[in-house]
Structure formats: C-alpha cells, structure tokens
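Working notes for the structure below.
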Amino acid sequence: MARTARAAQPPQVFAAYRYCEAVTAHQARNFAYGIRLLPPDRRQAMSALYAFSRRVDDIGDGTLDPAVKKDRLEETRRLLGLVKDGKLPEDATDPVAVALADAARRFPIPLNGLDELIDGVLMDVTGRTYETWEELREYCRCVAGAIGRLSLGVFGTAPSTPGAEHAPHYADTLGLALQLTNILRDVREDAAEGRTYLPREDLEAFGCATAPLDQAPPPGADFAGLVRFEVRRARGLFAEGLRLLPLLDRRSAACVSAMAGIYHRLLTRIARDPHAVLRGRVSLPAREKAYVAVRGLAGLDTRRAARADHTGPGKAR
Numbered sequence: 001m002a003r004t005a006r007a008a009q010p011p012q013v014f015a016a017y018r019y020c021e022a023v024t025a026h027q028a029r030n031f032a033y034g035i036r037l038l039p040p041d042r043r044q045a046m047s048a049l050y051a052f053s054r055r056v057d058d059i060g061d062g063t064l065d066p067a068v069k070k071d072r073l074e075e076t077r078r079l080l081g082l083v084k085d086g087k088l089p090e091d092a093t094d095p096v097a098v099a100l101a102d103a104a105r106r107f108p109i110p111l112n113g114l115d116e117l118i119d120g121v122l123m124d125v126t127g128r129t130y131e132t133w134e135e136l137r138e139y140c141r142c143v144a145g146a147i148g149r150l151s152l153g154v155f156g157t158a159p160s161t162p163g164a165e166h167a168p169h170y171a172d173t174l175g176l177a178l179q180l181t182n183i184l185r186d187v188r189e190d191a192a193e194g195r196t197y198l199p200r201e202d203l204e205a206f207g208c209a210t211a212p213l214d215q216a217p218p219p220g221a222d223f224a225g226l227v228r229f230e231v232r233r234a235r236g237l238f239a240e241g242l243r244l245l246p247l248l249d250r251r252s253a254a255c256v257s258a259m260a261g262i263y264h265r266l267l268t269r270i271a272r273d274p275h276a277v278l279r280g281r282v283s284l285p286a287r288e289k290a291y292v293a294v295r296g297l298a299g300l301d302t303r304r305a306a307r308a309d310h311t312g313p314g315k316a317r
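See below:
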C-alpha cells in the first residue's frame with residue numbers, strides 16, 4: 001500500500017518529499033527517531049513540516065546581519081502565504097514548499113502555526129530577553145507549541161474520542177516541555193551567542209543574574225538550584241502534555257512517546273548533574289535514543305514518566 005501510494009505521486013512531489021526526508025534524517029537529532037514510527041504518508045508530511053521549520057531556524061541562527069535575516073524571514077512568510085492560499089505555482093521548484101503544499105492538501109494542518117514559528121524566530125533576531133516565565137512561555141509557544149499543534153494536524157484524533165477537544169492544548173504544552181528542555185541543554189551555547197532565555201526573575205532568585213551563563217556562576221549563586229527549578233517546571237509541562245497520548249492512534253502515540261521519551265531522559269540527566277550544561281551540550285547516545293524509540297511503541301517510558309512527574313496544579317508555575 002505504501003509503495004503504491006508513493007508511486008501514484010507526481011514525480012515533482014515525490015522528489016520534494018525525498019528532499020525533505022533527507023533534510024530530516026541528516027539534521028533532526030531527536031525528531032527523526034519518532035517519525036520513523038509513523039506510516040509513510042504521515043512520515044512524509046512530518047518531514048515537510050520539519051524541513052520548513054529547519055529553514056526558518058537556520059535563517060535565525062545564521063551569521064547574516066539582523067536586517068537581512070528579517071528580510072529572509074519575511075520572504076519565507078510570503079512563500080508560506082502562497083502555500084496557505086493554495087496559490088503555489090504548479091511548476092514551483094522549491095522542494096520544501098512543494099512538499100508542504102501537498103501535505104496541507106492531504107492533512108488538516110493548521111499552517112498558521114508556521115507563521116507563529118516565524119514570529120518566534122524574529123524574537124531571536126531582535127535579541128529579545130524574558131523577564132518572567134509568562135514572557136518566555138509566549139516565545140516557547142511560538143517556536144515549539146505551534147509545532148505540537150501542527151504535528152497534531154498530521155496525527156489527527158477521532159472527534160468521538162473523549163477529551164479530543166483538549167488535544168491541541170496538550171500538544172501545545174508538550175511542545176513547551178520540549179523547548180524548555182532545549183533551553184536548559186543549550187544554556188552555555190546560547191549564552192556564548194549573546195542569548196539568554198531563562199527568565200530574569202528566576203536568574204535573580206538564584207543569584208545567577210550578574211554573570212553570563214557561559215561563565216562560572218558568580219560567588220554565592222545557586223546554579224544547581226536554578227536548573228532543578230526549571231527541571232521541575234518542565235516536568236510539570238510533560239505531565240500535562242503527555243495526556244495527549246491516549247487521544248492518538250497507536251503509531252502516532254508511539255511517535256510522540258519516542259520524541260518525548262528522549263527529551264525526558266535528557267531532562268533527567270540534566271537534573272542529576274545541573275552543572276553539566278555549563279561544560280557542554282548534554283545528549284543521549286544514539287543507541288539509547290533508538291531504545292527509547294522502540295519503547296515508544298508501547299508508550300512505556302513516557303507514561304511512566306508522566307506518572308512520576310505529575311506534581312499537581314500550579315507546581316510548575
């Protein structure tokens with residue numbers, strides 16, 4: 001069935017998906033482990049979403065002048081507008097746009113979420129900092145919560161499933177959990193590039209606001225306490241976001257479980273040794289990621305993690 005479906009695709013569309021799948025395989029460190037568990041049509045759609053998102057992120061993370069970055073991001077937004085309006089030319093040669101347009105025809109993907117992603121990356125380009133968790137949450141919702149909602153458009157839920165109306169909220173919240181984990185993992189790397197994502201109110205509370213986070217914490221600072229505080233917040237988000245799993249079919253739930261499981265294990269490593277994030281990027285070996293992906297088929301890691309991490313309303317602030 002999968003081969004027949006792919007063979008029926010126009011050559012331009014087939015080649016576009018192959019390009020997006022190659023981008024995903026080579027650049028997605030954790031994402032690729034999850035989407036391998038999806039059926040081919042959903043895997044193609046997710047690779048198109050990833051490739052577009054990667055393009056946006058690469059513009060934001062590149063070495064271009066900020067003014068040029070803004071222009072490039074707005075060009076990308078205009079291309080997205082053509083896809084959203086169904087006006088992408090039939091002879092379009094941009095493989096990411098071609099694949100995304102086809103995916104949007106086959107699945108109810110809320111493409112406005114990609115506009116939100118562009119908005120979030122523009123925050124990076126302008127060098128925005130965050131005073132409070134609520135301000136950081138806004139950023140996380142743009143760059144990660146939106147991806148959760150976009151992915152849900154590919155996964156889908158049965159309208160008759162009890163609680164299905166809450167699925168977008170859970171997908172959004174899980175995206176926040178993943179992004180906050182990324183922020184903790186990349187504290188040193190981001191600080192070296194002049195970016196600080198952790199809320200200033202938290203940095204001040206733990207005495208860490210007077211020195212860049214790529215340097216040794218100032219005397220008297222409780223850096224470990226800061227990290228563990230943010231870990232608790234992320235775990236609260238995971239506990240709520242993973243309520244999405246029972247609303248998905250088995251393959252989609254396995255995909256989400258695998259991706260969330262990898263990040264959850266990463267969070268656990270950071271909690272055990274908070275200062276590790278100052279020494280370099282904390283990561284999982286490839287074989288452990290593969291192991292988590294296999295366990296994702298049964299939802300073992302994430303369901304157990306959700307039970308262990310549930311801290312009740314308000315604990316994650």
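If you count the sequence shown from 1, position 296 lands on 296 in full-length UniProt numbering, and the numbers rise without skipping.
Ideal Cβ placement from N, Cα and C applies to all residues, glycine included.
Less than 8 Å between the beta carbons of L79 and L122, yes or no? no
Does H169 come out as helix, strand or coil in the three-state DSSP assignment? In this structure, H169 counts as helix in the three-state DSSP scheme.
Kindly list the residues whose CB is nearer than 7 Å to the CB of R54, restricted to its own chain and excluding five residues on each side of it in sequence; keep chain order. Spatial neighbours of R54 in its own chain (CB-CB distance under 7 Å, excluding positions within 5 residues in sequence) are listed in chain order as V23 and Q27.
Take F223 and list the residues in its own chain whose beta-carbon comes closer than 8 Å to its own, dropping the five residues that flank it on each side. F206, C208, P217, P274, H275 and L278
Can you tell me whether V68 is buried or exposed, with buried defined as 16 or more other CB within 10 angstroms of its CB? exposed
Once you ignore the five residues that flank P66 on each side, which residues in its own chain have a CB closer than 6 Å to its CB? V125
Does P95 pass the burial test, meaning 16 or more other C-beta atoms within 10 Å, or should it be called exposed? So P95 ends up on the buried side.
Can you tell me the Cα-Cα spacing of C20 and R36, whole angstroms? 14 Å
Rounded to the nearest angstrom, what separates G120 and A144 at their Cα positions? 9 Å
Can you tell me whether Q215 is buried or exposed, with buried defined as 16 or more other CB within 10 angstroms of its CB? exposed
DSSP three-state call for G156: helix, strand or coil? coil
Taking all protein chains shown into account, do 16 or more other C-beta atoms lie within 10 angstroms of the C-beta of E240, making it buried, or fewer, making it exposed? buried
For the 8 Å Cβ check, are there 3 or more pairs between the region 142-156 and the region 74-93? No, the region 142-156 does not touch the region 74-93.
Using the three-state DSSP reduction, which class does S47 fall into: helix, strand or coil? helix
Alpha helix (DSSP H) segments (min. 4 residues) lying fully within the region 168-249: Counting only runs of at least 4 residues, the region 168-249 fully encloses the following alpha helix (DSSP H) elements, listed from N- to C-terminal order: 187-192, 200-205 and 223-241.
Going by CA-CA distance only, name the one from G261, R232 and V231 that's closest to L245. G261
Indicate the three-state DSSP secondary structure (helix, strand or coil) for G34 in the structure shown. helix
Close beta carbons around G34, own chain, < 6 Å, minus the five adjacent residues each side: C255, A258 and M259
In this structure, how does DSSP classify Y263 when only helix, strand and coil are distinguished? helix
Compare the C-beta of A97 with all C-beta atoms of chain D and state if any pair is closer than 8 Å. Here chain D cannot be found, since the structure has a single protein chain.
Limits of the alpha helix (DSSP H) - the one that V282 falls within: First-last for V282: undefined, no H or E at that position.
Please work out which residues of its chain come closer than 6 Å, Cβ to Cβ, to L248, disregarding the five sequence neighbours upstream and downstream, and give them in chain order. F155
Hey, out of L198, E138 and N30, whose CA is closest to A293's CA? The residue among L198, E138 and N30 with its C-alpha nearest the C-alpha of A293 is N30.
If contacts are defined as beta-carbon pairs under 8 Å, then L117 and C142 qualify, I think. What distance do you get, rounded to the angstrom? Their Cβ separation, rounded to whole angstroms, is 6 Å, which keeps L117 and C142 in contact under 8 Å.
Going by C-alpha to C-alpha distance, which of A51, E90 and T63 sits closest to T76? A51
Buried or exposed by the 16-neighbour rule on C-beta atoms within 10 Å, applied to N112: So N112 counts as exposed.
Between R188, R200, T161 and G236, which has its C-alpha nearest G175's C-alpha? G236
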